[in-house]
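Sequential numbering of the sequence shown, starting at 1, is according to full-length UniProt numbering. To keep things clear, I will list the structure first and then write my remarks on it.
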Amino acid sequence: MPVLTPAAAARVQAIAAKLGKPAVLRLAVEGGGCSGFQYRFGLADGVDADDRVSETGGVRLAVDPVSLDLVAGCTVDFVESLGGAAFKVDNPQAAAGCGCGSSFGI
């Protein structure tokens, strides 16, 4: 099951509070990107009955069953640098990636 780092959980909490939404980040995988698959993030209004959920600091990370096999064992972090700020996925299953960091191949 993927997990959020404390930095990612804090960022989700801040965004959710600003938007008046629950602190639930949905991570999904869809076909596309330069390496075959790409990550998709979004705040969710809740979790679906078939979602797998992990929790860090009161923030829930929801993953649908189809995406779960592709992100099992991942860590989702929030990174700030001179180039900007973004959620970053450390996926031990990824055999290939791209420079943008948002797509991967298995």
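Beta carbons are placed, not taken as given, at the ideal position from N, Cα and C, and that holds for glycine. Treat the numbers as computed from the prediction; the structure is a model and nothing was measured.
Taking just the CA atoms, how far does residue j sit from residue i?
| i | j | result |
| --- | --- | --- |
| aspartate 90 | proline 2 | 10 Å |
| lysine 21 | aspartate 48 | 16 Å |
| alanine 16 | glycine 36 | 30 Å |
| phenylalanine 104 | glutamine 38 | Its pLDDT being 47, under 50, phenylalanine 104 is placed unreliably by the model, and nothing is read from it. |
| phenylalanine 87 | glycine 42 | 11 Å |
| glycine 57 | alanine 9 | 6 Å |
| glutamate 80 | alanine 14 | 15 Å |
| arginine 60 | alanine 85 | 20 Å |
| glycine 46 | valine 12 | 14 Å |
Could you name the residues of the same chain whose beta carbon sits closer than 6 Å to that of residue i, not counting the 5 residues immediately before and after it, in chain order?
| i | result |
| --- | --- |
| proline 92 | Gly73 |
| arginine 26 | Gly42, Ala44 and Ala62 |
How is residue i classed by DSSP in three states: helix, strand or coil?
| i | result |
| --- | --- |
| lysine 21 | coil |
| alanine 86 | strand |
| glutamine 93 | coil |
Which two residues bound the contiguous beta strand (DSSP E) that contains residue i?
| i | result |
| --- | --- |
| aspartate 45 | Neither: aspartate 45 is in no beta strand (DSSP E) and is coded neither H nor E. |
| threonine 75 | 75 to 81 |
| threonine 56 | 52 to 56 |
Over the uninterrupted alpha helix (DSSP H) stretch that includes residue i, give me the two end residues.
| i | result |
| --- | --- |
| aspartate 69 | 65 to 71 |
Check the C-beta distance from residue i over to residue j and give it rounded, since I have them as a contact under 8 Å.
| i | j | result |
| --- | --- | --- |
| alanine 7 | phenylalanine 78 | 5 Å |
Sorted by chain position, which residues of the same chain lie with C-beta nearer than 8 Å to residue i's C-beta, five sequence neighbours on each side aside?
| i | result |
| --- | --- |
| threonine 5 | Thr56, Thr75, Val76, Asp77 and Phe78 |
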